Each structure stands twice: as structure tokens, then as C-alpha cells.
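Engineer: Got a structure for you, questions after.
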Ligand code: ADP
Ligand code: MG
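Residue numbers (full-length UniProt numbering): 1 to 332.
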């Protein structure tokens, strides 16, 4: 288990990590999701002891990463954004060097390196110089280094960045394989990647944790029926006029088609269902409505909502308040 408590990192006046608090439980694949510059690498570097924090604490299975780095680091393997590879070593030489650094007993070293090489499929290139390997192979060697010693938790910073689609699929398969025996934390700025691989998502934006939940719950968070889509035989100005006074509409987007048919996407206010009102508005003006349906909130919407707005949306604030109340109640 990893506990991150009240973590703050300032670069000069810039707050790169802004009071992060979360817990990583064993046995899951966690996705650390956020746009570039959100603070993912900084947080991971602090969690793994590569960087000091301005404030706060990281406990790895109860060991403070700063106060007991050796003990704490035994429980984690880390693949940083720029893997620390030595270009003039062969794969095997490099893994021997990494095993030594990790304090893996000499007797076990060779067997363990062979096991890890098989696992990440770099055995066929073990005698090649790292500088002569493709980016995909190099990433696998970096992964091998993280897995050596079989730590409980493996932390991977943007493990698929710069790889081609085939290599990305291979790395994702490897991550899933690793997750059978290890807790995995990976970061990505790509939502689709995190959704595909992870079963728990932490969304960070401007150094703050803005949401953390399963993908399914995140989708539910903003309400499943928050948008209504319709098609109508009318021009945008007519539609705007018709819907102007319908209560419960937060915003709408109208796209005119070439055939006199327009597509309308209506964002409803929370806990509203505007379908009947919309139907009546069109019917009373005798404007044909061709389709009318609700569409679920996608994880994409949640991500955009949480990372692009300055303020945290109401649904999440409520949830957070509820959690705080619950926690406070526990203290009394
Ligand atoms: P991410 O990994 O999510 O893209 P980073 O953790 O790399 O984000 O960066 C978070 C913020 O901190 C960014 O605004 C970045 O410019 C800034 N930053 C990162 N490293 C440094 C540094 N060594 N000195 C100054 N600012 C930094
Ligand atoms: Mg980064």
C-alpha cells in the first residue's frame, strides 16, 4: 500500500503539485491521468524517492520514502519518463547492473534476470548494445529494470509515449500480465489508454487531484442522462427560438445539415429530463422532430470537464463534501 499525504511541490513560485492526497491499495491497475504539465511525473518522482517534496509525505508499506529510502524502495519498481538506460551496455550487462543496485543477492541475480528477460521478451536481444535497439525494445528493457526484484508495486511514467501502435499493444499486454502479480500505477495523458488498461483512475489537473474512482463511477458521476440529442427539420435560428424558454437546458450545440435537417445536442442541467418539454415546444410550433434520445456522459466528457475548467464541477464537489462529512463523522 502506498499513502500519499498532503503532497506539495513548488518550483520557485510555481505550484506543480498542490496538496495531493490518495492511497494506492494492492492488486489494482491505477491510471494517473492528466494533461501535459498536470504534475504526473513530478508526483511519481517524489513517490519513488527521486525528488524531494516541498511538503507532505509518502509512505510505501509504512516506510517513509525520505526517511527510510532503502526499505521503501524495495517495495517499488520505477520506469521514469526518460528510462535511465546506459547506451553502451548490452541488455544483460545493464540488467546485471540494475540488479546489483537493487541489492538482489548475487546467487539469485542471474536466474532472476533470465526470468525477467523472458517475461518482457528481451531475451533474444540480451547481448545487443542498448543503443542499437528500437524504441520499443528499449522501453521493454526499462520495464525489465523496473520489474527486477519483483517489487509489490510497479510505477510506470507514460510507458507508451513515442511507441508505434504495434509496440503500444505489446506494452499494454505486458502491463496486464504484470498486474496479475503486482500493483501497477501508470501515468498517461491519453484517456483511451487509461480507460483500456486501468481499473481505477486518478485524474489530476494543475497539480490537484480532481477525481478518483473506477471508470464506471466516473462516468456516472456527472449523471448518465445529461445530454439529449435530436434531429429536426428546421434551421438553427428557428431551433434556438423554439428552445430558448425551455427550462432545464444548460447549453446546446446546433449543427445544420445540407438537407434542411439539423442535429441538436442539448446539455441538461443536473437531475433534469427535458425531453417532454422539448417535444412539446416542437409540436406546438408544428416543427417536425425526427429523433429524440438521451446520450450517456462519456468518460471523455468527465475528463474534459474536470481538467479544462478552472473550478471543479458541482457533482464532484458534492461527492467530495459527502466524503468529507463521512470522514469527519468518523472522527467524533
Ligand atoms: P506531467 O508529467 O503531468 O506532464 P510534470 O510533473 O512534468 O507534469 O510538470 C508539472 C509542472 O511542473 C509543469 O508546469 C512543469 O513545467 C513544471 N516543472 C516540472 N519540472 C520542473 C523543473 N525541474 N523546474 C521547474 N518547473 C518544472
Ligand atoms: Mg510527465
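From the three backbone atoms N, C-alpha and C, an ideal C-beta is built for every residue, glycine too.
Nothing here was measured: the structure is a model prediction, and the numbers come from that model.
1. Can you tell me whether DSSP reads residue 119 as helix, strand or coil?
2. What do you reckon, is the C-beta of residue 9 under 8 Å from a heavy atom of ligand 2?
3. Skipping 5 residues on each side, what residues in its chain have a beta carbon closer than 6 Å to that of residue 332?
4. Would DSSP call residue 185 helix, strand or coil?
5. Checking 9 Å against the spacing of the C-beta atoms, do residue 230 and residue 197 come in under that value?
6. Would the beta-carbon of residue 289 fall within 9 Å of that of residue 278?
7. Buried or exposed: which applies to residue 308, given that a residue is buried once 16 or more other Cβ atoms fall within 10 Å of its Cβ?
8. Three or more C-beta pairs closer than 8 Å, one from the stretch 203-212 and one from the stretch 35-48: is that the case here?
9. Our contact map puts residue 60 next to residue 2 with C-beta atoms below 8 Å; I'd like the distance itself, whole angstroms only.
10. Is it the case that the Cβ atoms of residue 188 and residue 301 are separated by a distance below 9 Å?
11. Just to check, is the beta-carbon of residue 19 closer than 8 Å to a non-hydrogen atom of ligand 1?
12. Starting from residue 303, follow the alpha helix (DSSP H) in both directions and report where the run begins and ends.
13. Check this for me: beta carbons of residue 190 and residue 149, under 9 Å apart or not?
14. Could you check whether the Cβ of residue 16 sits closer than 8 Å to any heavy atom belonging to ligand 1?
15. Using 9 Å as the threshold, is the C-beta distance between residue 151 and residue 63 below it?
16. Could you check where the alpha helix (DSSP H) with residue 147 kicks off and where it finishes?
17. Beta strand (DSSP E) containing residue 252: first to last residue?
18. Say whether the stretch 77-87 touches the stretch 122-133, bearing in mind that this needs 3 or more beta-carbon pairs closer than 8 Å, one atom from each stretch.
19. If you draw a straight line from the alpha carbon of residue 14 to that of residue 22, how long is it in whole angstroms?
20. Is the Cβ-Cβ distance between residue 79 and residue 159 less than 9 Å?
21. Where residue 237 and residue 139 are concerned, what is the direct C-alpha to C-alpha distance, given to the nearest angstrom?
22. In the structure shown, what three-state DSSP assignment does residue 271 receive?
23. How is residue 16 classed by DSSP in three states: helix, strand or coil?
24. Does the separation of the CB atoms of residue 154 and residue 31 fall below 9 Å?
25. Could you check what DSSP says for residue 6 in three-state terms: helix, strand or coil?
26. Evaluate residue 283 with the Cβ neighbour count: other Cβ atoms within 10 Å of its Cβ, from every protein chain shown; 16 or more gives buried, anything less gives exposed.
27. Would you decide whether residue 311 is buried or exposed? Buried here means 16 or more other CB atoms lie within 10 Å of its CB.
28. Any idea which residues DSSP pairs residue 229 with across the strands?
29. Looking at the secondary structure, which residues open and close the beta strand (DSSP E) in which residue 209 lies?
30. Whole angstroms is fine: what's the gap from residue 33's alpha carbon to residue 194's?
31. Who are the Cβ neighbours of residue 9 in its own chain at under 6 Å, not counting the five residues just before and after it?
32. Under the three-state reduction of DSSP, which class applies to residue 61: helix, strand or coil?
Structural biologist: Judging by the given coordinates:
1. helix
2. no
3. In this predicted model, residue 332 has a pLDDT of only 42, less than 50, meaning its place in the structure is not dependable; the value taken from the coordinates is given anyway. Closer than 6 Å at Cβ, skipping near neighbours: no residue.
4. Correct three-state label for residue 185: strand.
5. no
6. Taking 9 Å as the Cβ cut-off, residue 289 and residue 278 qualify as a contacting pair.
7. Counting the other CB atoms within 10 Å of its CB gives residue 308 a total below 16, which places it among the exposed residues.
8. yes
9. 6 Å
10. no
11. no
12. Taken as a continuous stretch (DSSP letters only), the alpha helix (DSSP H) holding residue 303 covers 299-308.
13. no
14. yes
15. no
16. For residue 147, the enclosing alpha helix (DSSP H) has its first and last residue at 135-147.
17. Counting along the chain, the beta strand (DSSP E) containing residue 252 begins and ends at 249-256.
18. yes
19. 22 Å
20. yes
21. 54 Å
22. In the structure shown, residue 271 sits in coil (DSSP, three-state: anything other than H, G, I, E or B).
23. strand
24. no
25. Three-state result, residue 6: strand.
26. exposed
27. In this prediction, residue 311 scores a pLDDT of 48, lower than 50, which makes its location untrustworthy; the coordinate-derived value is nonetheless stated afterwards. It counts as exposed.
28. 265, 293
29. 208-213
30. 7 Å
31. 16, 17, 42, 53, 54
32. coil
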